[in-house]
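Working notes, beginning with the structure itself.
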Amino acid sequence: MQEVMKEEVLRKFRQVFGDTEGVRLYFAPGRVNLIGEHTDYNGGHVFPCALTIGTYGVARKRQDRKLCFYSMNFDQLGLIESSLDELTPGGDQDWTAYPKGVIWAFAQRGMELPCGLDLLLNGNIPNGSGLSSSASVEVLTGTVLRDLFGFEVSNQDLALIGQFSENKYNLVNCGIMDQFAIAMGKKDSAIFLDTADLSYEYAPISLQGAKIVISCSNKKRGLGDSKYNERRSECETALAELQKVVDIRSLGELTEEAFETYKGAIRDEVRQRRAKHAVYENQRTIQAVAALRAGDLAEFGRLMNASHVSLRDDYEVTGKELDTLVEEAWKVPGVIGSRMTGAGFGGCSVSIVEDGAVDDFIRRVGEAYQEKIGYAADFYVVEIGDGPVVLQA
Ligand code: GLA
Numbered sequence: 002m003q004e005v006m007k008e009e010v011l012r013k014f015r016q017v018f019g020d021t022e023g024v025r026l027y028f029a030p031g032r033v034n035l036i037g038e039h040t041d042y043n044g045g046h047v048f049p050c051a052l053t054i055g056t057y058g059v060a061r062k063r064q065d066r067k068l069c070f071y072s073m074n075f076d077q078l079g080l081i082e083s084s085l086d087e088l089t090p091g092g093d094q095d096w097t098a099y100p101k102g103v104i105w106a107f108a109q110r111g112m113e114l115p116c117g118l119d120l121l122l123n124g125n126i127p128n129g130s131g132l133s134s135s136a137s138v139e140v141l142t143g144t145v146l147r148d149l150f151g152f153e154v155s156n157q158d159l160a161l162i163g164q165f166s167e168n169k170y171n172l173v174n175c176g177i178m179d180q181f182a183i184a185m186g187k188k189d190s191a192i193f194l195d196t197a198d199l200s201y202e203y204a205p206i207s208l209q210g211a212k213i214v215i216s217c218s219n220k221k222r223g224l225g226d227s228k229y230n231e232r233r234s235e236c237e238t239a240l241a242e243l244q245k246v247v248d249i250r251s252l253g254e255l256t257e258e259a260f261e262t263y264k265g266a267i268r269d270e271v272r273q274r275r276a277k278h279a280v281y282e283n284q285r286t287i288q289a290v291a292a293l294r295a296g297d298l299a300e301f302g303r304l305m306n307a308s309h310v311s312l313r314d315d316y317e318v319t320g321k322e323l324d325t326l327v328e329e330a331w332k333v334p335g336v337i338g339s340r341m342t343g344a345g346f347g348g349c350s351v352s353i354v355e356d357g358a359v360d361d362f363i364r365r366v367g368e369a370y371q372e373k374i375g376y377a378a379d380f381y382v383v384e385i386g387d388g389p390v391v392l393q394a
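Here this note's numbering is used: the first residue of the sequence shown is 2, the next is one more, and so on.
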């Protein structure tokens, strides 16, 4: 797979830019979150992992100040030219907003590019699927800039710069989970990250005869057009109301019991449910990692299912496509757990499925989805991979 992708990007680069003189090759993964959804901007825990699918990139420095971008995922847009002097937050309508945002964010942190660059990308993550194709492009761009220009930034810095660019250049108020999972990815491990202080531990994932299956709803959406920012501000308002009666800095500091004690301070029923999700989901994530460490995969799966119910009923970010994928998955024997993953409102679900049940799962969930929703879902059996790399000097 990797060899084929490498050859393809080099061939295309030669075709688009004329030659491959002085190019370098890069890869950054996509990610899937196993549990801990909509907790990262509430000071809670998340449990994502990097995937072996992701974004391949070829890049080189230019002699002038031009930025020349090409994505094989958007061939129809052709070569998109810009310049280091034309980076305007909120001003881009296409995928180049992500690499431009990172170049802009590096400059904001005192790392100005001395010259422009050519950058060609090809991703094998389905776009807008909830597997963080955009964060993958951001971390890839950061990896390119560090390598080509010798900036001294750690992988954790790449995650923070990626999030900063998404917040301030792309004007999406995302948390740190996606960029962190990608920049800090480790083969066969998920990352148990406390978003309150960015402390983290790697937890080896050995699924004992089971696989991670991603079901993609093919309902496209971007965070920009979703209710993501609205949920975020509902949680902020709920926190401010709670702070009148209890001394906390984030919803992640509350246990379920404490939440039940103080929830009356939240003066709106809808906001109460949003905050309840944030609190309970954080506690579920802590319990799920403990269950996994104790070898109790069944309990991990049960907590994944409970996560989906909470995202569906209290946080209301699922929608009929994701609910169909997950509720049909729950009916299939051999499914250990299934839930929506990522921001929601479309995108993907993640399921843990016994090896022998995977084919049946894909057939049954696929048929039911086609019948209820009217178009097909796609399925990917994925593996957990490493963070970003320079593939070839
Ligand atoms: C998106 C955001 C993340 C996180 C998830 C929901 O993926 O980019 O920061 O908030 O949604 O868990």
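Virtual Cβ for every residue (Gly too), placed ideally from N, Cα, C.
Predicted model, so just to flag it, every value in this text is computed and none were measured.
Taking the beta strand (DSSP E) that residue i falls in, what are its first and last residues?
| i | result |
| --- | --- |
| isoleucine 337 | 336-342 |
| leucine 80 | No beta strand (DSSP E) contains leucine 80, which DSSP labels as neither H nor E. |
| glycine 347 | Run containing glycine 347: none; DSSP gives neither H nor E here. |
| tyrosine 370 | Looking at the DSSP string, tyrosine 370 is not in any beta strand (DSSP E); the run it does join, the alpha helix (DSSP H), is 359-374. |
| glycine 55 | 49-62 |
| valine 24 | Unbroken run through valine 24: none, as it is neither H nor E. |
| phenylalanine 380 | 379-383 |
Out of the options, state which residue places its alpha-carbon closest to the alpha-carbon of residue i.
| i | options | result |
| --- | --- | --- |
| isoleucine 213 | Tyr27, Asp356 and Glu261 | Asp356 |
| valine 173 | Val351, Asp387, Ala344 and Gly388 | Ala344 |
| leucine 120 | Ala279, Ala136 and Thr97 | Thr97 |
| aspartate 297 | Phe260, Asn123, Val5 and Gln209 | Gln209 |
| methionine 154 | Ile177, Ala106, Val359 and Leu88 | It should be noted that the sequence gives valine, not methionine, for residue 154. Answer by Cα proximity: Ala106. |
| proline 90 | Glu384, Lys321, Leu312 and Lys169 | Lys169 |
| asparagine 43 | Glu254, Lys245, Val354 and Ala51 | Glu254 |
| leucine 250 | Thr196, Gly265 and Ala292 | First, the residue type needs correcting, since residue 250 is arginine and not leucine in the sequence shown. The shortest C-alpha separation from arginine 250 is found at Thr196. |
| glycine 55 | Leu199, Val138 and Val290 | Val138 |
| leucine 78 | Glu231, Asp198, Gly92 and Val17 | Val17 |
| serine 84 | Thr21, Glu113 and Gly58 | Glu113 |
| glycine 58 | Val290, Ser134 and Arg275 | Ser134 |
| valine 391 | Asp41, Glu4 and Arg25 | Arg25 |
| threonine 262 | Asp76, Val247 and Lys321 | Val247 |
| phenylalanine 48 | Ile183, Tyr316 and Glu231 | Ile183 |
| glutamate 317 | Gly92, Gly124 and Glu231 | Glu231 |
| methionine 2 | Gly265, Gly117 and Thr53 | Thr53 |
| valine 271 | Ala239, Ala289, Val290 and Cys116 | Ala239 |
| lysine 220 | Thr21, Gly320, Arg63 and Val5 | Gly320 |
| leucine 194 | Val290, Gly386 and Ala330 | Val290 |
| valine 359 | Ser350, Glu82, Pro334 and Tyr376 | Pro334 |
| aspartate 387 | Met6, Thr21 and Phe28 | Phe28 |
| valine 351 | Asn156, Gln109, Leu304 and Gln157 | Leu304 |
| glutamate 87 | Asp76, Ile385, Asp41 and Ala108 | Ala108 |
| cysteine 1 | Tyr229, Asp65 and Thr256 | Because residue 1 is not part of the residues shown, which for the chain are 2 to 394, the question remains open. |
Measure the beta-carbon distance from residue i to residue j and round it to whole angstroms, keeping in mind my assumption that it falls under 8 Å.
| i | j | result |
| --- | --- | --- |
| glycine 23 | arginine 61 | 5 Å |
| phenylalanine 260 | valine 280 | 4 Å |
| isoleucine 215 | valine 33 | 6 Å |
| aspartate 379 | cysteine 217 | 4 Å |
| glycine 45 | leucine 252 | 7 Å |
| glycine 348 | serine 130 | 6 Å |
| arginine 63 | leucine 122 | About 17 Å separates the two Cβ atoms, so there is no contact after all. |
| leucine 132 | glycine 31 | 4 Å |
| alanine 266 | lysine 245 | 6 Å |
| alanine 211 | isoleucine 353 | 5 Å |
Along the chain, where does the alpha helix (DSSP H) containing residue i start, and where does it finish?
| i | result |
| --- | --- |
| leucine 35 | Element bounds for leucine 35: n/a, residue is neither H nor E. |
| aspartate 324 | 320-331 |
| lysine 264 | Run containing lysine 264: none; DSSP gives neither H nor E here. |
| leucine 88 | Careful: leucine 88 lies outside any alpha helix (DSSP H) and carries neither H nor E. |
| phenylalanine 75 | Premise fails: phenylalanine 75 is in no alpha helix (DSSP H) and is neither H nor E. |
| arginine 66 | Here arginine 66 belongs to no alpha helix (DSSP H), and DSSP marks it neither H nor E. |
| histidine 6 | Checking the sequence shown, residue 6 turns out to be methionine, not histidine. Residues 3-18. |
When you compare the CB of residue i with every CB in chain C, is at least one pair closer than 8 Å?
| i | result |
| --- | --- |
| valine 359 | Within the model displayed, chain C is absent; a lone protein chain is all it includes. |
Could you tell me whether the stretch 278-296 touches the stretch 24-42, using the rule of 3 or more Cβ pairs below 8 Å?
Contact holds: three or more Cβ-Cβ distances are below 8 Å.
Does the stretch 339-353 come into contact with the stretch 321-331, if we say contact requires no fewer than three beta-carbon pairs (one atom in each stretch) closer than 8 Å?
Taking 8 Å as the limit for Cβ pairs, the verdict is that the stretch 321-331 does touch the stretch 339-353.
Contiguous beta strand (DSSP E) assignments of at least 3 residues, all confined to the stretch 191-258:
As far as the stretch 191-258 is concerned, its whole beta strand (DSSP E) runs of at least 3 residues are 200-205 and 211-217.
State whether the stretch 165-174 contacts the stretch 362-381, with contact taken as three or more CB pairs (one from each stretch) at a distance under 8 Å.
Touching, no.
If you pair each beta-carbon of the stretch 172-187 with each one of the stretch 196-205, do three or more pairs fall below 8 Å?
Segments in contact, yes.
Every unbroken alpha helix (DSSP H) inside the stretch 272-317 [4 residues or more]:
DSSP assignment within the stretch 272-317 yields the following whole alpha helix (DSSP H) runs of 4 residues or more, N-terminal first: 298-314.
Return the chain-ordered ranges of every beta strand (DSSP E) run that is complete within the stretch 94-121 and spans a minimum of 3 residues.
Whole beta strand (DSSP E) segments, 3+ residues: zero.
Would the stretch 132-148 count as touching the stretch 97-106 if we require 3 or more Cβ pairs under 8 Å?
The stretch 132-148, when compared against the stretch 97-106, does touch it at the 8 Å Cβ threshold.
With three or more beta-carbon pairs closer than 8 Å as the criterion, would you say the stretch 11-22 touches the stretch 367-386?
The stretch 11-22 vs the stretch 367-386: no contact.
Are at least three pairs of beta-carbons, each pair with one atom in the stretch 68-87 and one in the stretch 146-161, less than 8 Å apart?
Touching, no, given that fewer than three Cβ pairs across the two stretches are closer than 8 Å.
If we require 3 or more residues per run, which beta strand (DSSP E) segments fall completely within the stretch 124-203?
Complete beta strand (DSSP E) runs here, min 3: 190-195.
Using 8 Å as the cut-off, can you tell me whether the stretch 176-183 makes contact with the stretch 307-317, which would need three or more C-beta pairs spanning the two stretches below that distance?
Counting Cβ pairs under 8 Å, fewer than three are found: no touch.
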